[in-house]
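Report on the following structure.
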Amino acid sequence: MGKRLILALLFGFVILTMVAPVYAQGETGGEKSQWLLISSGFGMALAAAGCGYAQSRALAAACEGVSRNPGATDTIRIFIFLGLAFIEFLALLTFVVIMLLLFF
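Numbering (my numbering), first residue to last: 74 to 177.
Here's what the structure looks like:
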């Protein structure tokens, strides 16, 4: 096996052993924990940052593609709009999941 695969398996094992104590916690009595609010904020920030980075990379690649082949501008434009819509959908889906966690 390659070193990367061994490292990935070791990392996965460490993560799985670190989350095991979470299941030993008791019920909170129906109230939302402050940690849920904090982790929701960090989750949305991480999703927004990731989507912003992905959109910037996609637009940079589209601009480079148009500059290399100006005849394919219409095709690139269609695919870049489709790609940006999917990237933005990931951020909106993260927002919906966070709202479901907070209110249900």
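Where is the CB? At the ideal position from N, CA and C, for every residue including glycine.
Exposed unless 16 or more other CB atoms sit within 10 angstroms - verdict on CYS124: As a position in the sequence shown, residue 124 is number 51, starting the count at 1. When all chains shown are included, CYS124 counts as buried.
Identity of the residue in LEU89, PHE86 and MET117 nearest MET172 by Cα: Along the sequence shown, read from residue 1 onward, the residue named residue 172 stands at position 99. Considering only alpha carbons, the answer is MET117.
Cβ distance (whole Å) where ILE160 is taken to contact ALA127 below 8 Å: Within the sequence shown, the letter at position 87 stands for residue 160. Within the sequence shown, the letter at position 54 stands for residue 127. Between ALA127 and ILE160 the Cβ distance is about 5 Å, and since that is below 8 Å, they are a contact.
Entirely enclosed alpha helix (DSSP H) segments - the segment 101-154, minimum 4 residues: 107-141
Alpha carbon of PHE115 to alpha carbon of LEU163, nearest angstrom: To locate residue 115, count along the sequence shown from 1; it is residue 42. To locate residue 163, count along the sequence shown from 1; it is residue 90. Each residue's alpha carbon lies about 15 Å from the other.
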